[in-house]
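Chains as they are written, first to last, in my numbering: chain A, 17 to 611; chain B, 17 to 611. Note sheet for the following structure.
Number of protein chains: 2
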Amino acid sequence: MKISIAQLNPTIGDIAGNAQQILQAAHQAVEQGSRLLLTPELSLSGYPPRDLLMQPAFVAEMQDTLQHLAQAFPAGLAVLVGAAVGNDQSLQQGGKPLFNSTALVQDGQVQQWFHKRLLPTYDVFDDHRYFEPGSESRYFTLDGVRIGVTICEDLWNDAAFWGKRNYAVDPLAELAAQPIDLIVNLSGSPYSVNKQALREAMLQQATQTYGQPILYANQVGGNDDLIFDGNSVGFDRRGQLVCRAKSFETDLMTVEFDPEQRDLQPGLVVEPPDSTEAEIWQALVLGVRDYVRKCGFSKVVLGLSGGIDSALVAAIATAAIGRDRVLGVLMPSPYSSDHSVRDALALAENLGIQTQTLPIGGLMQAYDQTFADLFADTEFGLAEENIQSRIRGTLLMGISNKFGHLLLSTGNKSEMAVGYCTLYGDMNGGLAAIADVPKTRVYSICRWLNAHCQVQSLGLIELDPAVTELIPAPILIKPPSAELKPGQVDQDSLPPYDILDDVLCQFVTQHRAPAEIVAAGHDPATVDRVIKLVTQSEFKRKQAPPGLKITDRAFGTGWRMPIACRWLPATDRTASSTLLSIPRPVSSSAAPAVT
Amino acid sequence: MKISIAQLNPTIGDIAGNAQQILQAAHQAVEQGSRLLLTPELSLSGYPPRDLLMQPAFVAEMQDTLQHLAQAFPAGLAVLVGAAVGNDQSLQQGGKPLFNSTALVQDGQVQQWFHKRLLPTYDVFDDHRYFEPGSESRYFTLDGVRIGVTICEDLWNDAAFWGKRNYAVDPLAELAAQPIDLIVNLSGSPYSVNKQALREAMLQQATQTYGQPILYANQVGGNDDLIFDGNSVGFDRRGQLVCRAKSFETDLMTVEFDPEQRDLQPGLVVEPPDSTEAEIWQALVLGVRDYVRKCGFSKVVLGLSGGIDSALVAAIATAAIGRDRVLGVLMPSPYSSDHSVRDALALAENLGIQTQTLPIGGLMQAYDQTFADLFADTEFGLAEENIQSRIRGTLLMGISNKFGHLLLSTGNKSEMAVGYCTLYGDMNGGLAAIADVPKTRVYSICRWLNAHCQVQSLGLIELDPAVTELIPAPILIKPPSAELKPGQVDQDSLPPYDILDDVLCQFVTQHRAPAEIVAAGHDPATVDRVIKLVTQSEFKRKQAPPGLKITDRAFGTGWRMPIACRWLPATDRTASSTLLSIPRPVSSSAAPAVT
Numbered sequence: 017m018k019i020s021i022a023q024l025n026p027t028i029g030d031i032a033g034n035a036q037q038i039l040q041a042a043h044q045a046v047e048q049g050s051r052l053l054l055t056p057e058l059s060l061s062g063y064p065p066r067d068l069l070m071q072p073a074f075v076a077e078m079q080d081t082l083q084h085l086a087q088a089f090p091a092g093l094a095v096l097v098g099a100a101v102g103n104d105q106s107l108q109q110g111g112k113p114l115f116n117s118t119a120l121v122q123d124g125q126v127q128q129w130f131h132k133r134l135l136p137t138y139d140v141f142d143d144h145r146y147f148e149p150g151s152e153s154r155y156f157t158l159d160g161v162r163i164g165v166t167i168c169e170d171l172w173n174d175a176a177f178w179g180k181r182n183y184a185v186d187p188l189a190e191l192a193a194q195p196i197d198l199i200v201n202l203s204g205s206p207y208s209v210n211k212q213a214l215r216e217a218m219l220q221q222a223t224q225t226y227g228q229p230i231l232y233a234n235q236v237g238g239n240d241d242l243i244f245d246g247n248s249v250g251f252d253r254r255g256q257l258v259c260r261a262k263s264f265e266t267d268l269m270t271v272e273f274d275p276e277q278r279d280l281q282p283g284l285v286v287e288p289p290d291s292t293e294a295e296i297w298q299a300l301v302l303g304v305r306d307y308v309r310k311c312g313f314s315k316v317v318l319g320l321s322g323g324i325d326s327a328l329v330a331a332i333a334t335a336a337i338g339r340d341r342v343l344g345v346l347m348p349s350p351y352s353s354d355h356s357v358r359d360a361l362a363l364a365e366n367l368g369i370q371t372q373t374l375p376i377g378g379l380m381q382a383y384d385q386t387f388a389d390l391f392a393d394t395e396f397g398l399a400e401e402n403i404q405s406r407i408r409g410t411l412l413m414g415i416s417n418k419f420g421h422l423l424l425s426t427g428n429k430s431e432m433a434v435g436y437c438t439l440y441g442d443m444n445g446g447l448a449a450i451a452d453v454p455k456t457r458v459y460s461i462c463r464w465l466n467a468h469c470q471v472q473s474l475g476l477i478e479l480d481p482a483v484t485e486l487i488p489a490p491i492l493i494k495p496p497s498a499e500l501k502p503g504q505v506d507q508d509s510l511p512p513y514d515i516l517d518d519v520l521c522q523f524v525t526q527h528r529a530p531a532e533i534v535a536a537g538h539d540p541a542t543v544d545r546v547i548k549l550v551t552q553s554e555f556k557r558k559q560a561p562p563g564l565k566i567t568d569r570a571f572g573t574g575w576r577m578p579i580a581c582r583w584l585p586a587t588d589r590t591a592s593s594t595l596l597s598i599p600r601p602v603s604s605s606a607a608p609a610v611t
Numbered sequence: 017m018k019i020s021i022a023q024l025n026p027t028i029g030d031i032a033g034n035a036q037q038i039l040q041a042a043h044q045a046v047e048q049g050s051r052l053l054l055t056p057e058l059s060l061s062g063y064p065p066r067d068l069l070m071q072p073a074f075v076a077e078m079q080d081t082l083q084h085l086a087q088a089f090p091a092g093l094a095v096l097v098g099a100a101v102g103n104d105q106s107l108q109q110g111g112k113p114l115f116n117s118t119a120l121v122q123d124g125q126v127q128q129w130f131h132k133r134l135l136p137t138y139d140v141f142d143d144h145r146y147f148e149p150g151s152e153s154r155y156f157t158l159d160g161v162r163i164g165v166t167i168c169e170d171l172w173n174d175a176a177f178w179g180k181r182n183y184a185v186d187p188l189a190e191l192a193a194q195p196i197d198l199i200v201n202l203s204g205s206p207y208s209v210n211k212q213a214l215r216e217a218m219l220q221q222a223t224q225t226y227g228q229p230i231l232y233a234n235q236v237g238g239n240d241d242l243i244f245d246g247n248s249v250g251f252d253r254r255g256q257l258v259c260r261a262k263s264f265e266t267d268l269m270t271v272e273f274d275p276e277q278r279d280l281q282p283g284l285v286v287e288p289p290d291s292t293e294a295e296i297w298q299a300l301v302l303g304v305r306d307y308v309r310k311c312g313f314s315k316v317v318l319g320l321s322g323g324i325d326s327a328l329v330a331a332i333a334t335a336a337i338g339r340d341r342v343l344g345v346l347m348p349s350p351y352s353s354d355h356s357v358r359d360a361l362a363l364a365e366n367l368g369i370q371t372q373t374l375p376i377g378g379l380m381q382a383y384d385q386t387f388a389d390l391f392a393d394t395e396f397g398l399a400e401e402n403i404q405s406r407i408r409g410t411l412l413m414g415i416s417n418k419f420g421h422l423l424l425s426t427g428n429k430s431e432m433a434v435g436y437c438t439l440y441g442d443m444n445g446g447l448a449a450i451a452d453v454p455k456t457r458v459y460s461i462c463r464w465l466n467a468h469c470q471v472q473s474l475g476l477i478e479l480d481p482a483v484t485e486l487i488p489a490p491i492l493i494k495p496p497s498a499e500l501k502p503g504q505v506d507q508d509s510l511p512p513y514d515i516l517d518d519v520l521c522q523f524v525t526q527h528r529a530p531a532e533i534v535a536a537g538h539d540p541a542t543v544d545r546v547i548k549l550v551t552q553s554e555f556k557r558k559q560a561p562p563g564l565k566i567t568d569r570a571f572g573t574g575w576r577m578p579i580a581c582r583w584l585p586a587t588d589r590t591a592s593s594t595l596l597s598i599p600r601p602v603s604s605s606a607a608p609a610v611t
């Protein structure tokens, strides 16, 4: 029996368009001789639909469309379609009004529903905000083959694999205890670095533990900050990988299930990107391409400073949508070095993108004049530096508003973490392409680009065969600088980036206490300073554009910190530092005043 | 037996400072002869601590501090302290690593833990992200009085009151089935308009249903976007209100429980604000005051346009922190009317705040010159209008950066909803004081201010007795205008505000389908246009500052919408409009391409 996986790239909320994609995949599946088609989690709405789920009209349209789809599917094909469906018991028994479900559609109608049981409510996930967990794991029978159905997180609770239980129930174990021949999983699992290796290790262990083959269908494409990598796979009952779909591309993968052997047969295995840098590059290119497309833009604009961050974002944008649709804007100030303009132009030439140059000296003078009286007795400082950045941000938004281009911001994760960026200035943009890429990783990706630019396809970048370094060498070599005052370099204000990025990774991603980070070999003063900077810049991140997520912990929908807050973990914090002074009662009558 | 409620205003994360507040309240409670002190939900960390709960060092410090507090409390007093505590069974049994709990502290140690059972995961709440629900409802005995403990949401599942079940279990019913004499509830329940009336109706019904008295202790104060209104109350077993603490202020309220009658005795009942406008005014004043204080600012700055929004925000700021700490900045352009400057100055004079005037004509010219070539063949439009707004935003941020003032943004909810505001321009600010106040409500609050300015205390506003109208009449009378081009008024671009606000309320707050809004009496074209504007301006709101929440559905932490999205409910949408066209298979071999 042939089974196809439609590794689809839905647009959130575009129910009709997504249904059309599913229908097209169904016809392709039939042409390939398939009996069953798998689609990803919530394939009708796209994942995650977020608060659209709170509009009854949205859920109703999903159900209507599902009925139409059922009529439209080619005969002889069973299709698993992801959709939200009402929880009829909600009013009587309590619980959320919806299930996150998969419908088995066959013979012109929905035959059976399967509800997601494990609802992730961590990091970027809010499943429990909308959905009631399903109460049982079930299978269906197709041509005598008994197929157990799980949805995304349902697979992620193998206590042996994780060394702990994440949820009280384990749908996989419950399914495996039933008379089944195959387990399918419909996922909307977002990308992070090395996630696919983790998934495959987990699936391998699960197939070996239960002696059941698993087919895993994942969504692909960018949805705001989240990038879905596809990488749908199949494992046979002995834990062998039998098929893998493309990374970061839509795909239709067909695989054979042999009812005699009750197992999946070896099929096509697409090799994933061969390095972390290649993987991140492809993720970011897809993330930018889809945000541009799904928001309805045709062109993008970005500031080209001559630095490495904007160079990488320009390359990503060009790879994503092509050189004719990318505009680079140079905005030199009197503090800009000659090489800034030269390096930016060299990069633009390599990429073949158009540039505009708008010097900001005149505007700086106009602000100085406006502030002349008010700032008369003050010294040049942060306020003046920020004004330069905000002039540039205003110029870029002027171009964006005038010509309808999407502005891409170019800040990296290290800057965003410590607030080394200007709110309403260089942070401006509709999408922050590398906001989750630490500075050291920005360098390694650029070095990878240069090493591979003539041997590997880089999306829509059309490189002159004479160019051997996509990112001009001076950009990689010179010390990073915001160039907001003469002679400024980042390392005047920040620890060296290799140290900064390691401290940030331990604090932000691994939630380590400052004392642990010091114990791991870092200078206590540096650790304290970095953590203080992270804490104090929360207000900036709260107003940042969506940033493409590539790590396990990005600043964005999965980072929910208070701003008006006084928690500042310090390396020297001990229990004694929290000792209370025992007060005399201040007054015997009055309530404490509002202070 | 006397029982005190400490209606505290914690700073999120300031565990030592919050403990000090609890300790001080404990001494006051003892002076008032109390045997038991109630503190609000998570009183040690403040509610909501959000992702601080993911730092093990944060939870550890809460536990350490709790031990010190136990030693420090005055003898003879039992205290219920809110704290997160580890879920020991989490690794073995699955489930979240923490409980949202209350500790009964007595005789120098924690005697008992009570875990929150109903975890809200809707609107602004993310309890399920961090916490495992408690599995049982319990009581403790003090001087023979059996006291059942519930935490916030635990009370909010009375199927008879709501007409439906919100959760599968009802802790109140389970407690009432046990031999208890009194129920206490420790809450962190945020304010919204008329919320207290709802709470009291619910508490009244609960006390009548179960014949048990209830003491309800709520947090007070502003935490980022959330305002907690206090209003702690007690109801006796017959459903009579016996005591109410202050609204929007810290308080220590002591009430008598009579063991003979097994009931609460009548105590002090503070009257709440006597109108919706008075209530919102007090909420916003507290929200601004606390954000300024808890973020560590001493002064605020805002733009004074001469319009009603900035007038109201200036009044709120002055009431919150005093006239010496508020700076109003006038930034007239060549398009500004004479009355704009005149009205703004008159308002500032009424409030007694300082002003600065920074004309922006020169900067507008400087941008025009910079863009002269690039914009040569285009007409004056949105880009140029936005530049004026961004010049003002940059000037205000320049002052904020130079002098360390907090910038307050002045946009109202109607504008934020339809995107009638400039990202990186008038949206700039650390806090959006009236972002959840619809324009029609802005007017009604200003009219209320004028009617009451000489008869009611308005926070720290010190009004000249000769002033009869705090908000100068011309500001209330003239048609609203952004004044970004000659003769512009808001109603050129938007429906009349009374219509707009009603459509917005139905769509945003009540999740009504467009057809229902039309059925309620609105013009279909207007409804479609408004909904389209709301949907299209999601990208702006994603980058907005925190806005003080006063309604059941604010744009902010409780509004989680996708941006790259194609759901646009329309009044003429019917099931047939989603009919699929059945495609011919495009190709018999290739997978669908990434498009």
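Glycine included, each C-beta is placed from N, C-alpha and C at the ideal position.
Any Cβ of chain B within less than 8 Å of the Cβ of Ala609(A)?
Sequence index remark: in the first sequence, residue 609(A) carries index 593 (1-based). Bear in mind that a pLDDT of 29 at Ala609(A), under 50, signals an unreliable position, so the number given afterwards is only what the model happens to contain. Closer than 8 Å: yes.
With 8 Å set as the bound, which would you pick, yes or no: does the beta-carbon of His144(A) sit closer than that to a beta-carbon of chain B?
Position 128 of the first sequence holds residue 144(A). Yes, His144(A) lies at the interface with chain B (some Cβ there is under 8 Å from its Cβ).
Closest by CA to Phe164(A), which one among Gly179(A), Asp174(A), Ile196(A), Gly150(A)?
On the first sequence, residue 164(A) is found 148 positions in, with the first residue counted as 1. Here the sequence assigns Gly to residue 164(A), which means Phe is not the residue at that position. Taking only the C-alpha atoms, the option nearest Gly164(A) is Ile196(A).
Delimiting residues of the alpha helix (DSSP H) encompassing Val46(A):
Here residue 46(A) is taken as the residue at index 30 of the first sequence, counted from 1. From DSSP, the alpha helix (DSSP H) with Val46(A) extends over 31-47.
Exposure label - Trp178(A); buried when at least 16 CB within 10 Å:
Stepping through the first sequence from its first residue, residue 178(A) is reached at position 162. Answer is exposed; the Cβ neighbour count stays below 16.
Identified DSSP bridge partners for Gln122(A):
For the purposes of this step, residue 122(A) is taken as the residue at position 106 of the first sequence. Gln122(A) is bridged to Gln125(A).
The region 330-339 of chain A touching the region 360-368 of chain A, judged by at least three CB pairs closer than 8 Å
yes
Alpha-carbon spacing of Leu516(B) relative to Gln385(B), whole angstroms
For the purposes of this step, residue 516(B) is taken as residue 500 along the second sequence, with counting starting at 1. For the purposes of this step, residue 385(B) is taken as residue 369 along the second sequence, with counting starting at 1. Leu516(B) and Gln385(B): Cα-Cα distance of roughly 38 Å.
Would you mind listing the alpha helix (DSSP H) stretches within the region 229-281 of chain B that are 4+ residues and don't spill past its ends, in chain order?
Annotation: the region 229-281 of chain B contains no complete segment of the alpha helix (DSSP H) (minimum length 4 residues).
If you count every other CB in all the chains shown that lies within 10 Å of the CB of Gln194(B), and 16 or more means buried, which is it?
Reading the second sequence from its first residue, position 178 is the one you call residue 194(B). The residue is exposed, with fewer than 16 neighbouring Cβ atoms inside 10 Å.
Does Phe555(B) get closer than 8 Å to chain A when you measure Cβ to Cβ?
The residue labelled residue 555(B) in the question sits at position 539 within the second sequence. With 8 Å as the cut-off, Phe555(B) counts as an interface residue toward chain A.
Throw me the rounded Cβ distance for the Val200(B) and Leu68(B) pair, which I believe falls under 8 Å.
In the second sequence, the residue the question calls residue 200(B) occupies position 184. In the second sequence, the residue the question calls residue 68(B) occupies position 52. Not really, about 26 Å apart at Cβ, beyond 8 Å.
Less than 7 Å between C-beta atoms, sequence neighbours within five positions excluded: which residues of the same chain meet that for Pro136(B)?
Translated into the one-based positions of the second sequence, residue 136(B) becomes position 120. Within the same chain, Pro136(B) has close Cβ partners Asp143, Glu169.
Does chain B have any CB closer than 8 Å to the CB of His538(A)?
Counting from one through the first sequence, the residue named residue 538(A) turns up at place 522. Judged by the 8 Å Cβ criterion, His538(A) is not in contact with chain B.
Going by DSSP, what residue range makes up the alpha helix (DSSP H) through Lys211(B)?
Numbered from its first residue, the second sequence carries residue 211(B) at position 195. That run of the alpha helix (DSSP H) goes 211-226.
Pick out the complete beta strand (DSSP E) segments inside the region 347-403 of chain B, 3 residues or longer, and give them in chain order.
370-373
Identified DSSP bridge partners for Pro206(A)
For the purposes of this step, residue 206(A) is identified with residue 190 of the first sequence, where counting begins at 1. According to DSSP, Pro206(A) bridges with Phe244(A).
Listed from N- to C-terminal order along the chain, which residues in the region 561-594 of chain B have their beta-carbon within a distance smaller than 7 Å of any beta-carbon of chain A?
Pro561, Pro562, Trp575, Arg576, Met577, Pro578, Ile579, Ala580, Cys581, Arg582, Trp583, Pro585, Ala591, Thr594
Using a threshold of 8 Å, state whether the C-beta atoms of Asn182(B) and Gly110(A) are closer than that.
Walking along the second sequence from the start, residue 182(B) turns up at place 166. Walking along the first sequence from the start, residue 110(A) turns up at place 94. It is a contact, given that the beta carbons lie within the stated cut-off.
Residue nearest to Asp267(A) in terms of C-alpha spacing, selected from Ala45(A), Glu431(A), Arg341(A):
Taking the first residue of the first sequence as 1, we reach residue 267(A) at position 251. Ranking the options by Cα distance to Asp267(A), first place goes to Ala45(A).
Any idea what DSSP makes of Ser605(A), helix, strand or coil?
Within the first sequence, numbered from 1, the residue matching residue 605(A) stands at position 589. With a pLDDT of only 34 at Ser605(A), under the threshold of 50, the placement of this residue in the model should not be trusted; the figure read from the coordinates follows. Note: Ser605(A) maps to coil in three-state DSSP.
Could you check whether Asn247(B) and Gln212(B) sit closer than 8 Å to each other, using their CB atoms as the reference points?
Locating residue 212(B) in the second sequence gives position 196, where the first residue counts as 1. Locating residue 247(B) in the second sequence gives position 231, where the first residue counts as 1. Yes, Cβ-Cβ distance for Gln212(B) and Asn247(B) is below 8 Å.
Where does Phe115(A) sit, in a helix, a strand or coil, going by DSSP?
As a first step, residue 115(A) is located in the first sequence; it is residue number 99 there, counting from the start. Note: Phe115(A) maps to strand in three-state DSSP.
Spell out whether any CB of chain A is found under 8 Å from the CB atom of Gly409(B).
For the purposes of this step, residue 409(B) is taken as the residue at position 393 of the second sequence. Cβ-Cβ to chain A under 8 Å: yes for Gly409(B).
Where Gln194(A) falls: helix, strand or coil (DSSP)
Here residue 194(A) corresponds to residue number 178 of the first sequence, with the count starting at 1. DSSP places Gln194(A) in coil when its eight states are reduced to three.
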